[in-house]
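With full-length UniProt numbering applied, the sequence shown covers 1 to 310.
Idealized CB from N, CA, C, for every residue including glycine.
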Amino acid sequence: DNYEYIKVPGARGTSFGLAAGWLCTVANNTGEMNLLHPFSQIKIQLPSRKDLLSFHGLDYLERPREGKRWHCIDKAILSANPSLTSDYALLVHYYAGGSCLAFWRPGDLNWTEIDVVTYGGVCNMIFCKGQFYSVSYGGEVWVYDIAGRSIAQPSVQTRLLAELEDDMFKLPSVQFYLVELSGALLLVTRYAIRSIGEDPNGAFKSFKFKICELDITKGKFKEEDIKTLGDSSIFLGRNGASCVDSSKFSGIKPNRIYFTDDWLEFGRIEEGGAGRDMGAYNIEDGKIESFYPELSISLICPPTWVMPSL
Numbered sequence: 001d002n003y004e005y006i007k008v009p010g011a012r013g014t015s016f017g018l019a020a021g022w023l024c025t026v027a028n029n030t031g032e033m034n035l036l037h038p039f040s041q042i043k044i045q046l047p048s049r050k051d052l053l054s055f056h057g058l059d060y061l062e063r064p065r066e067g068k069r070w071h072c073i074d075k076a077i078l079s080a081n082p083s084l085t086s087d088y089a090l091l092v093h094y095y096a097g098g099s100c101l102a103f104w105r106p107g108d109l110n111w112t113e114i115d116v117v118t119y120g121g122v123c124n125m126i127f128c129k130g131q132f133y134s135v136s137y138g139g140e141v142w143v144y145d146i147a148g149r150s151i152a153q154p155s156v157q158t159r160l161l162a163e164l165e166d167d168m169f170k171l172p173s174v175q176f177y178l179v180e181l182s183g184a185l186l187l188v189t190r191y192a193i194r195s196i197g198e199d200p201n202g203a204f205k206s207f208k209f210k211i212c213e214l215d216i217t218k219g220k221f222k223e224e225d226i227k228t229l230g231d232s233s234i235f236l237g238r239n240g241a242s243c244v245d246s247s248k249f250s251g252i253k254p255n256r257i258y259f260t261d262d263w264l265e266f267g268r269i270e271e272g273g274a275g276r277d278m279g280a281y282n283i284e285d286g287k288i289e290s291f292y293p294e295l296s297i298s299l300i301c302p303p304t305w306v307m308p309s310l
């Protein structure tokens, strides 16, 4: 297989893939944050990570106490493409002594904090049908209705939409992802085991995925699992999940779940790091085709999917 390195000026530090090819970048030394389109080099300055942590009385360079998470930006999502409109919002999830959320709109001078009351902390997020959604590690799905730019004062309304049954958590380790397909909001569950016997680093290894649909109107999950995506495929990883039509891209197989390593908080402390749990899951037969099983380009930062605009 062939791959090539592409230098992206301005993307040093930590980067998160967003919509339509945009990245959210965080400078590790200063905490400066930007929206960056890596190919056009358009940059939009955001309030800093220091401003986020100030909500919690923390210093952005402060090292965490033993057993605590780093004060870091974990995920970021957009409501619209900044190349096409200035009426959008950016939602970020970060750690500052716990699981935290905040949003920013063009013209806002600072971040607006959102109270997080989810059980287990935020696992993943999505923007769908005019609203932001999050799913927690405890299986709760929350809705965030953020006011548009027509309302000068930033505000948000939150509510619990649905939650999974408790027996889900008697199974092996799981990660949850929200993804939109043909107007429907889907929940993808990723199952993994820690391969201590096979891998001296004790890294997690995905072995199964399940897909179910969330009825937004009724606020509950449909009973039947989804068995096929047709010509569509799902891409998921540290930066969330996206769905694409495989017929529009060469090399993408239909009815697959393409995944990258999403166990960073576990693998980063192990010798050898993280980043190896990558592959393509065939929804029809349940088989997994691994990508670069012996190669990890970055042992600290797992690969990130960057979706082009069509």
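For the alpha helix (DSSP H) that residue i lies in, which residues bound it at each end?
i     : result
ARG49 : 49 to 54
Taking the beta strand (DSSP E) that residue i falls in, what are its first and last residues?
i           : result
PHE259      : 256 to 259
PHE127      : 122 to 128
LEU109      : Neither: LEU109 is in no beta strand (DSSP E) and is coded neither H nor E.
TRP263      : Run containing TRP263: none; DSSP gives neither H nor E here.
residue 311 : With the chain covering only 1 through 310, there is no way to say anything about residue 311.
GLN131      : 131 to 136
ASN34       : 33 to 37
VAL179      : 173 to 181
CYS243      : 240 to 245
ARG194      : 184 to 194
LEU214      : 204 to 215
GLY279      : 279 to 282
GLU289      : 288 to 290
THR25       : 23 to 26
ILE44       : 42 to 46
GLY237      : 232 to 237
LYS75       : 73 to 78
LEU164      : No beta strand (DSSP E) contains LEU164, which DSSP labels as neither H nor E.
VAL92       : 90 to 95
Whose CA, out of the options, lies closest to the CA of residue i?
i           : options                        : result
TYR177      : VAL188, ALA184, ASP261         : VAL188
ALA152      : ILE114, ILE283, TRP104         : TRP104
VAL26       : GLY57, THR85, TYR94            : TYR94
LYS75       : HIS56, ARG49, LEU58            : ARG49
GLY97       : VAL116, VAL306, ASN282, SER250 : VAL116
ILE226      : LYS253, THR217, LEU185         : LEU185
residue 395 : MET125, GLU289, ALA241         : No information on residue 395 is available, as it lies outside the stretch 1 to 310 that the chain covers here.
LEU35       : ALA80, ASN29, LEU53            : ALA80
PRO254      : TRP263, ASN110, HIS56, ILE283  : ILE283
SER136      : GLY121, CYS128, ILE146, LYS129 : GLY121
GLY286      : PHE207, VAL174, LEU58          : PHE207
ARG194      : SER99, ASP262, PRO106, PHE291  : ASP262
Which whole-angstrom value is the C-beta distance of residue i and residue j, which I expect to be below 8 Å?
i      : j      : result
ASN239 : THR158 : That pair is no contact at about 22 Å.
LEU181 : CYS123 : So it is not a contact: roughly 19 Å between Cβ atoms.
LEU161 : VAL141 : 5 Å
PHE204 : ALA192 : 4 Å
ILE114 : VAL156 : 6 Å
GLY148 : THR118 : In fact, because the Cβ distance is near 24 Å, the residues do not count as touching under 8 Å.
LEU78  : TYR88  : 6 Å
TRP279 : PHE259 : Before going on, a small fix: residue 279 reads as Gly here, not Trp. About 6 Å separates the two Cβ atoms, so the contact holds.
In this structure, what does DSSP give as the bridge partners for residue i?
i      : result
VAL156 : ILE146
HIS222 : Checking the displayed sequence, the identity of residue 222 turns out to be Lys instead of His. In the DSSP output, where bridge partners are listed per residue, LYS222 has none listed.
GLN141 : Here the sequence assigns Val to residue 141, which means Gln is not the residue at that position. Per DSSP, VAL135, ALA162.
Handout entry: contact_flag[the region 215 to 222, the region 232 to 250] where n(CB pairs < 8 Å) is 3 or more
Key = Counting Cβ pairs under 8 Å, fewer than three are found: no touch.
Problem - Meets three-Cβ-pair contact criterion under 8 Å: the region 22 to 41 and the region 80 to 97 - result: Inter-segment contact for the region 22 to 41 and the region 80 to 97 is present: three or more beta-carbon pairs are separated by less than 8 Å.
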